[in-house]
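Take the sequence shown: its position 274, counting from 1, is numbered 274 in the UniProt record's numbering, and each next residue is one higher.
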Amino acid sequence: MNPSLRILHISSDWGRGKIDDKELEEFLRSLPGRCPALHSLLLSGSIPHISLEPLSNIQHLTSLNLLYIYRVPSAFNSTTATALSTLPCLTDLSIPDVFIEHLGDPISSDGFLTLESLHINNGDPPGIARTLRCICSPVLCWVCIQEVDRATGRDLVEHLWAFSKFSESLVKLRWEAEEWSDEFNESDFTCMGIELLEPLLVLKKLDTLRIRLCSSADNPDSAFSCQDSRTIAETWPNMKDLSLSSSLFPFTLRSLVTLVDNLDSLETLSIEVAYNDNLDPSSDRMVIIQDMCERHGPCDTKYLSELHITGIRPNGHGCDDLLLAAYLHTMFPRVWKIVCLERPTIGEIMSLRREGTRGDEL
């Protein structure tokens, strides 16, 4: 084998011929000697019941991808986890949920010191939180967690606090729940809006946050207030890509405008729910309801090019698509693409607008 080999992918399955357990284990043991320059290793498929501890001897390894292993090596335990955590150059780690239990065991307090990115596929919030507590890297800047198991009640918000240890380094965070096929009672969620987002507000350097949580919650009383929107804007002054794709993060039209008006760095914004608290359905004009909020638009956006809203829900009354389109056009005159998935007519009307078109000409 070429001693200067830097990238290696080992797959054991899919009808391409089984690799004998002993042969593969011996091959992994010999890797440090055979490939001293190896930087990137990907193992995939139904890996035999072998020890992965020899991987900790690959001193120049910077990327370890175990994401597509779907049979747990029986010898993968806290000893192996500790060994892998001491890899001196490891910057990128990808693991499936089957490894989380062992990474959650008490391991070296100085583990994964050089890690810059972490990718986890599947797993429950408690296991993910345990894994995060095992990582002591002061330079972890990118975390992607997909297909997260269901968490109800306050369970999720309690475990999101595990991210707080990376408040000085984390720049990009992606958390996506698994798709749920069965029905559930949204009353299981006791934590919504700003309270659910609170653990992540300590991550001052975030410029990308994408959260997708499946729910059917409908509670306008838990929507972000205008003050909540100002708090978000003040906390994340560098935010470019913000996606809160869940009815557990509801906005009102006014708090949405307040967020955009105060967060100058935004380039794309996606939300699931905006409650109509700003339009009078009995009138053909916009009516600003007086309260303690600051002015509500039009927003002089600098970079925001796309605004995605899954649905605009009535808050005591409805509103036709034409009026909503005129409102969005007037509030966000410089945002070129505005989409409302549940009310496609709004998007069709918005697509007709041209630069320089006034709201009353729509």
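Cβ coordinates follow ideal geometry from the N, Cα and C atoms, glycine included.
Taking all protein chains shown into account, TRP236 has 16 or more neighbouring C-beta atoms within 10 Å of its C-beta and is therefore buried. Between ILE69 and SER44, the beta carbon gap of about 6 Å places them in contact (Cβ cut-off 8 Å).
Look at the region 177-261 and you find these whole runs of alpha helix (DSSP H), each 4 residues long or longer: 193-197 and 226-235. Per the C-alpha coordinates, the member of LEU200, ARG133, LEU324 and ALA81 positioned closest to LEU244 is LEU200. Under the three-state reduction of DSSP, VAL339 is assigned to strand. In the three-state scheme derived from DSSP, where H, G and I count as helix and E and B as strand, PRO344 is classed as helix. For VAL157, the enclosing alpha helix (DSSP H) has its first and last residue at 155-160. In the structure shown, ARG313 falls within a strand segment according to DSSP collapsed to helix, strand and coil. With a cutoff of 9 Å on beta-carbon distance, ASP241 and LEU209 are scored as near each other. Linking PRO3 to PRO32 through their CA atoms gives a straight-line distance of about 10 Å.
Close CB contacts of PHE166 within its chain, under the 6 Å cut and outside five residues either way in sequence, are with LEU140 (chain order).
Within the model, the alpha-carbon separation for GLU176 versus ARG212 is close to 5 Å. The alpha-carbon separation between PHE224 and LEU5 amounts to approximately 53 Å. For ALA274, the three-state secondary structure derived from DSSP is strand.
Distance from the CA atom of PHE251 to the CA atom of ASP261, rounded to whole angstroms, is 14 Å. If you draw a straight line from the Cα of ASP110 to the Cα of THR86, it is about 8 Å long.
Per the DSSP secondary-structure output, PRO96 pairs in a beta bridge with ASN121.
In the three-state scheme derived from DSSP, where H, G and I count as helix and E and B as strand, GLU147 is classed as strand.
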